[in-house]
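Inspection log for the structure reproduced underneath, given as C-alpha cells.
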Amino acid sequence: MALRTSNNAFAEMDFPNPKLQIRTKPRSKSPEKTRQPSPSRAPARGNPSPQRGQPSPGRRSSANGRDSAAAPARRDSYGSTTSMREPEAARHAMAHSNSLGGLSNLGGLASDRVGGGRRDLQPPPVEDVSLQAPFPSSWLASGLSADDLRECAYELLVNVVGPKATPPNRNAAAARKQQNKGIISDEMKAVLRLKAGSEPGKDGAAALAPLDVVRRQLDISEASDERTRAAVTRAHAAAKKPESLVVPLELLCQVNIADFPSQRDYSRWKRRQLMFLDQATVRHPGRAAPSSSASSATPPPKGYSRDKAESAMRQVKQLIAELTSGQRDMQEVAARQALRNAVTTAVDMPLANGGKGGGLPAEGRWADGWPLNVRLYATLLGSVFSGLQAATLVEELEEVLEILGKVWPVLGITPLVHRCVFAWLFLKHYVSSGQKEPALLVAADFQLRAVETEVNNELSKGTEAQQQEQVLVLLTLLPHMVKYGEPRLLAYHDDFPDGGPAFEATAGLMLRADELLQSDDVVAAAQKAASQGVKLPGSGSAKAGSSIGPKRRVDQFVRSSVKKAFSTVREAAAQRQVTLKQAHGGVPPLLVALAAESSMLAVDSVGRYAAALRPWNSNAGGLTVAMVHACYKNELKLFIADRTVLSVEMTQVLLQAEKLEKQLIEMAVEEGADAEDGGAEVIQEMPPYETQRTIEVMLQQWQDNRIAKCAEWVDRAIQLEKWEPKAMKAFCASSVMDVLGLLDETQEAFFALPLPPRADMLVSVVRAMEAALLKYCKAVTASVGDKSQFLPPFPPLTRYKEGGAQEKGAAILAAAAATAAANGTNGANGSSKGGGGKESKSDRYAVPRLLVRINTLFHIHNEVDALAARIRSAWERAMAPSASSPSTAAAAPVQKSFWPLPSFKKVEANVPLVPPLPSELICMFDDVRHEAERAMGHLCQFVAYRVVCHELKDVAVDALYAGGAASRMRIAALLERLHPHLVVIADIINDGLRDRVVLEVLRALVHCYMRALLAGGPARSFTVPDVPALKEDLSFLSELFIDGGDGLPADKVDAALAPAAGIVTLMSRDTDDLIRKFDAAYKEYLRTVPGGAGGKDAKGNPLVPPVPEEWSPTDANTLLRVLCYRGDRRSSKHLKKVFDLPKELKKPWY
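Structure follows, in C-alpha cells:
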C-alpha cells in the first residue's frame, strides 16, 4: 500500500513537540570519518572511551576506508549467524538487559544518536518501566535484524533522494521556510520553545546535508555509504525511472566483491540484500493477488495473469534460495540477469504492487508491504531524535523531514500512518529517557490529536490496500499506548504526585488512543478489513479498544486512584495516631484526624488533576470529591456500626464528619457548575452521612421498639386469621380490627411523648404504620393464585368433520348431565351445591372466604382516611400555642415554641398559627390505598373465574355449545346454574363492591362464551345460520346483567360484551370472505417472523399465528380459529392445504 503524493507532501504536516529543543551543540567543520561510540557502549567498564577521530575498538581501519572483517560473529533473532561490531554487540546486549523490553524492534532504535557517535539512554533509575514493541520480530519471516533494517532503510532513502548529499543553502532558507511552513508552524514553535529563526550552520559550524544527518543518526559507516551511493549512481544512470528501482536488486547487480575488504564482509552484505529482497517482494508484497472468487465488479488489471505472477514469485524464491545457499554465484552475469528478470516480472505484476492495471502508478511500489514498510519508515523517522539530550531533536529537523517525505510513495506511507508512528516514537523515547521528559509525551499526544482529526478522511479515501494498512497501523500501535497509560492512570496519585504536563499528556494520549480504537470509522474499517480476510493484530477483534467510552474510562481512573490515595492517607494518619499516643497519651479519635486529611486530599486532587481530566469527563472534579466522600463514609460506617450509646468520642467524630461533608458538598457543587448535567450525577453519588440522625438515635429507641411490635403483631394476626364469614355487618376479618386498633394506639402514644413532636420522627412513625398495612394487604393475596389456574389449555386446532361436532357434543352433554346429577343438580335448572350450599371448612379459598378477604381490603381502604385525619388533628393540637386565652395561659405550663412566627403574616388573637404537616405526610397512606385497590381487583377477578370456570366448569367450559349452536347447553342454561352463586355473592359482599364483583363475573362469562366459539375443540362447529342464535345469547346476557336499570350500568355491560359481539359479527361473514381476510392477515404475520416468508419453521412445520392476548376480528389467529370451527368443506379444504390440520384428535389434550 502506498500514498500517492508529491515529494514535498510532508510539508503539509504540522509537527508539535512541547519543550523539545533543536540541537545547537557546534560540530566540527568536516564530518568525521569514524564514528565514536558512547561511553555506555565501551567494551569494558572503566576503560577510557575512544577519542573523536580514533577507530572504535570493534572496527579496524583500512586504506580504502571499508569495513573491517574482524567483527565477532553472533546469532541473530532468527537463528542465522552474522557478525557485528563491538559497539553493535554492546547495543544488542543493552537491548536485552534494559527494562524497555523489545523497543529496539521498532525501527531498530534502542538509543539516541548524534554526530559520529551513539549514546544509549539508561533505564529509569527508580521505576522499572516495560513497554512492549508494537512490531514483534516474529512478524519478519527471515533474519532481518534491527541493524539490517537500518542499513536497508538508509539504502532505500539514498535511492529516493539521490546519491548526492547537498548541504542546505543559507540563501534559500527563507524561501524553504515559506514553502515548508506546515512542518512546524510559528505557533507550535512557541509551544515547543524552538528558535523561530534557527537555521542550520548559523552558529558557525559546517552545515550538513540532510542525507548526511540521517546517515550519522542511523550510524551508517562512511565506507558503506560510499559503496551505496556509488552503486545507486550507476543504477540511476541506466534507469528511466530511478525512483522505481528495486534497491536490493540494483545493489546486488551493481556492487562487486572487490568493493569489500573481505569475502566474509561481502557474504554478510549479500545475505542481507537477499533477505531484504525476499521480504519486500515475496513475503510482504504491497498487494495480494486478485483471488478467483473476487467480485466481477472489480476485474483483474489489464494484462494480469495469475499463473504468470505466481510463477514469477516462485522463481524469485528459488533464485534467492540458491544465491543464499551458494548454489549460484552473484558475481556471474547469468545469475544477475536471471534474478533481475524474475524480480522485474514479479514487481510488475499486481501480486506485488498496484501496477498500471491496478489503478495506481507503478513507480516506487515494490517496498510497501505491511509491516516491512512501516518498520523501515519508523527506522528513518527515528533519525530526527538527537542523542545529546533526551528531549532534543536534530537541528536540521525541517530538512530531514522534507527528505523523509520523499520516501512516502515508495513505502506507501500516508499522513495517518506517519502521525501514528511518530506518536509511538515520542512515547518510546519518553520511556527510554526514564520518563523524565514530559515534552516527549505531549508531542505524542499532539500527533494523536491530528490523527483524530484526519482519521475519517484518511480511512475513507485511497484503495482497499491503503485502508487496510492504515487500520493495521492503528490496531497495532494504539493498543500499546492504551496499555502504557492505563495502569498509570488507575493510580495517578502515585505515578504523578504533582500532576503537571506528564499527567495531562498521559491521560490525553491513553484516552485519545482508546477513543480512536472505539470510533465508528476505525471499527468500520477494521470490520471491512476482517471481512476481506485481513488478520487483525492482537485478539483479532475488529474493535480493539475498550467497550466503554472516555467518560466512563475517566470515571474508572478517578475511582481507582482516589480509593488508593485515600487508603494511603488513612495508613499515614493511623501511624501518626500511634506515634502521638505514645508521646502524649490522649489523642483525638482517628476519624477526626482523617477528616482533615480527607479534606486536603480532595482539595489537592481537584487542583492537580481535574483540569486535565475535565475535557474527557466534565464531572471529573466532582467525581473526585464524591469518591473522597464515599471513602470517608465507609470508615464512618465501621466506626458507628457497634456503637449504640451516644458518647463524647462519637459526638466528636460525627460533628467533624458533618463539617467535612459540608465542605465536600460545596466543592462538588462548585465543580459541577460547568459539567454537562450541572453536577447532578455526582451529587446523587454523595448520600448524606446523617450525623444528626445518629446523634438523636437514642430519642427514637422507644419508637423503634414500637415499630417492631407493630410488625410482630401484624405477622401474628395474619397467621391466625381463618377468613371465615361471621354474623357481623361488615363481613370482614377480625384481624384487621386488631391491626387498625394497634396503629391508632401507636399514633396516640407518639403524640403523648413528653418532648415536642418532631416532623422527621412523625414521618418515621407514619412510614412504619404504612409498612404494616402494606404487609397486611399483600398477605391477603399472597397465597391466592390467578385466574389462569381455572382455565384448561386450549385444544389443538382441527378442521371441520361432517357430523363430528354432533357426535362429540352429545358425549360431552351426557358427561355434564352425569356430573350435575352427582352434585345433586338438575342440568336444566342449574342449582349448585358447590356455590349455594354448605362450604367445606378445609377449603381456604372457597368463594365466601374470598369475599371476606375482599371486604377486609375494602375496610382498610376506607379506614386509612380516618386514621390520617386523626394524625393531622393530633399534630395541630400538639404544635398549637399552649394557651389561646388569658385564663388558659395562667393554668397551662409555658412551653417555648420551636416555630417562630413569620413577621410578614398578621396573626389574629384567637387564631393560633400551626406549623403545616410535613410535606412527606401530605399523601400519607397513598401506597396503602393503591395496594388495597390492586388486591381487591385481583381477588374480584379470582372469585369470578373460580365461580364460572371452576364451580361451573362442566357447564361453562366443557358443555357450552357442545354439538353446535343448536345445543341444549346455551347461555340460558348456564345462567340458571349461575344464579345461586350470585345470591351468595350478594349476601356476603359489601354493597360498595357488589357491582365490581358482578362485572368480573360477566367478564368471565364472556371469556367462556368466546372460548366455546374459538377454542371449543372438535365438539363444536358453527355456520352462518347459527349467528342469530349466538346474538340472541349475547342479548340475553346483556338484559340479565342490566336488569332494567337495577343491575350494572349499561355502558359497562356493553363494554364487557363488545369483544364477543365482534367475534359473532366476524362469524356472520361467508367462508370465502373469511378465507380472504385470513390469507391477508397471515401474510402480514409472516412478514413479522424472521425467515417466515415461506410459511415454515426450522423443522418444516407450518407457522401457526400465536394466540393473542385478546381476540379481535383482525387478528390472524382469531380468523384461523373462526375457519377451524366453520362447519363447511371449503374452510376445511383450505385449512388442509395451508396447515394440514387434522379433523379429529386422537387423544385428550389435558
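Position 399 of the sequence shown, counting from 1, maps to 451 under our numbering, and the rest follow consecutively. The beta-carbon is built from N, C-alpha and C at its ideal position, and this holds for glycine as well. Note that the structure is predicted; figures quoted are calculated from it, not measured.
Legend entry - Residue burial classification, A404 (beta-carbon count within 10 angstroms, cutoff 16): Residue placement at A404 cannot be trusted, given a pLDDT of 40 that sits under 50; what the coordinates show is reported in the next sentence. It counts as buried.
Inset, instruction - Measure the Cβ-Cβ separation of G605 and L542 and say whether it is below 8 Å. - result: It is Arg, not Gly, that sits at residue 605 in the sequence shown. Their beta carbons are not under 8 Å apart, which means R605 does not touch L542 by this criterion.
Legend entry - Top-ranked residue by Cα proximity to A1102, from N425, L1054, T1075: Shortest Cα-Cα distance from A1102 to any of N425, L1054, T1075 involves L1054.
Inset, instruction - List in chain order: all unbroken alpha helix (DSSP H) runs of 4+ residues lying wholly within the segment 753-798. - result: Every alpha helix (DSSP H) stretch that sits fully inside the segment 753-798 and reaches 4 residues is listed by chain position as 753-772.
Inset, instruction - Hey, could you find the ends of the alpha helix (DSSP H) R929 is sitting in? - result: Run containing R929: 899-931, per the alpha helix (DSSP H) assignment.
Legend entry - Rounded separation between G1147 and D1131 - CA only: The C-alpha of G1147 lies about 12 Å from the C-alpha of D1131.
Inset, instruction - Give, in chain order, every unbroken run of the alpha helix (DSSP H) that is at least 4 residues long and sits entirely within the segment 1120-1196. - result: Look at the segment 1120-1196 and you find these whole runs of alpha helix (DSSP H), each 4 residues long or longer: 1123-1140, 1168-1176, 1181-1191.
Legend entry - Closest residue to V1037 among P1070, R358, A996 (Cα-Cα distance): In the sequence under discussion, the amino acid at residue 1037 is Ile, which differs from the Val named in the question. For I1037, the closest of P1070, R358, A996 by C-alpha to C-alpha distance is A996.
Legend entry - Reduced DSSP secondary structure (H/G/I, E/B, other) of L642: Residue state, collapsed to three classes: helix.
Legend entry - Start-end ranges of the beta strand (DSSP E) lying completely within the segment 420-462, minimum 3 residues: Those beta strand (DSSP E) runs which fall completely within the segment 420-462 and span 3+ residues do not exist here.
Legend entry - Beta-carbon proximity of D607 to G560, cut-off 8 Å: Contact check for D607 against G560 fails: the beta carbons are separated by 8 Å or more.
Inset, instruction - Check each candidate in I1127, G673, A386 and name the one with the smallest Cα separation from V721. - result: Out of I1127, G673, A386, G673 has the C-alpha closest to the C-alpha of V721.
Inset, instruction - Check whether the Cβ atoms of F910 and M988 lie closer than 8 Å to each other. - result: Yes, the pair counts as a contact, with Cβ atoms nearer than the cut-off.
Legend entry - For F1074: DSSP bridge partner residues: Per DSSP, the beta-bridge partners of F1074 are R1178.
Legend entry - Nearest neighbour of S971, chosen from N425, D812, I759 [CA to CA]: Here the closest residue by C-alpha is D812.
Legend entry - Neighbourhood of D1047 by C-beta distance below 7 Å, restricted to the same chain and skipping five residues each side: Same-chain partners within the cutoff: L1100.
Inset, instruction - Return the CA-CA distance between A645 and A625, expressed in angstroms with no decimal places. - result: In this structure, the alpha-carbon of A645 lies about 7 Å from that of A625.
Inset, instruction - Tell me whether Q231 is buried or exposed, calling it buried when 16 or more other Cβ atoms sit within 10 Å of its Cβ. - result: Here Q231 scores only 42 on pLDDT, less than 50, and its place in the model is too uncertain to base an answer on.
Inset, instruction - State whether the segment 770-779 contacts the segment 705-724, with contact taken as three or more CB pairs (one from each stretch) at a distance under 8 Å. - result: Contact check between the segment 770-779 and the segment 705-724: fewer than three CB pairs, one atom from each, fall below 8 Å, which does not count as touching.
Inset, instruction - Could you tell me which of Y828, G730, R929, A760 sits nearest to E46, measuring between CA atoms? - result: Outside the displayed range of the chain (53 to 1202) lies residue 46, so it cannot be described from this structure.
Legend entry - Cβ distance (whole Å) where K830 is taken to contact V766 below 8 Å: No, K830 and V766 are not in contact; Cβ-Cβ is about 11 Å, not under 8 Å.
Inset, instruction - Rounded to whole angstroms, what's the CA-CA distance from A373 to R316? Just pull it up for me. - result: Looking at the backbone, the Cα of A373 and that of R316 are separated by about 18 Å.
Inset, instruction - Would you be able to state if there are at least three C-beta pairs under 8 Å between the segment 501-520 and the segment 568-585? - result: In this structure the segment 568-585 touches the segment 501-520; the number of beta carbon pairs closer than 8 Å is three or more.
Inset, instruction - Give a yes or no on contact between the segment 1132-1147 and the segment 1080-1099, applying the rule of three or more CB pairs nearer than 8 Å. - result: With the cut-off at 8 Å, the segment 1132-1147 and the segment 1080-1099 do not touch.
Inset, instruction - Classify T850 as helix, strand or coil using the three-state DSSP reduction. - result: T850 falls in the coil class under three-state DSSP.
Legend entry - Residue of A1113, E764, A763, N686 minimising C-alpha distance to P740: The shortest C-alpha separation from P740 is found at N686.
Inset, instruction - Using 7 Å as the cut-off, classify the Cβ of A543 as near or not near the heavy atoms of the ligand ZN, replying yes or no. - result: In the structure shown, the ligand ZN is absent, as is every other ligand, since no ligand is present at all.
Inset, instruction - Inspect the CB distances between the segment 1167-1183 and the segment 835-843 and report whether three or more fall short of 8 Å. - result: The way I'd put it, the segment 1167-1183 doesn't touch the segment 835-843; fewer than three beta-carbon pairs between them come closer than 8 Å.
Inset, instruction - Using only alpha-carbon positions, find the residue among D1006, I923, R1022 that is nearest to C975. - result: Of the listed residues, the one whose Cα sits closest to C975 is I923.
Inset, instruction - Apply the 10 Å Cβ neighbour rule to M652 and answer buried if 16 or more other Cβ atoms are within range, or exposed otherwise. - result: It counts as exposed.
Legend entry - Pick from R628, V680, G552 that is closest to V1203, judged by C-alpha positions: This structure gives no information on residue 1203, because the portion of the chain shown stretches from 53 to 1202.
Legend entry - Closest residue to R1063 among E447, R1121, E1161, A1024 (Cα-Cα distance): By alpha-carbon distance to R1063, the top candidate from E447, R1121, E1161, A1024 is E1161.
Legend entry - Endpoints, the alpha helix (DSSP H) within which L1045 is located: That residue, L1045, is in no alpha helix (DSSP H); it is neither H nor E in DSSP.
Legend entry - Proximal residues to P215 (C-beta, below 6 Å), its chain only, five neighbours per side dropped: Closer than 6 Å at the Cβ level, and outside the excluded window around P215, lie R281, V284, T285.
Inset, instruction - Verify the CB distance criterion: does S657 have a CB-CB separation below 8 Å to chain B? - result: No chain B appears in this structure, which consists of one protein chain only.
Inset, instruction - Please confirm if the segment 203-214 is in contact with the segment 459-469, defined as three or more CB-CB distances below 8 Å between the two stretches. - result: Judged by Cβ distances under 8 Å, the segment 203-214 makes contact with the segment 459-469, as three or more pairs qualify.
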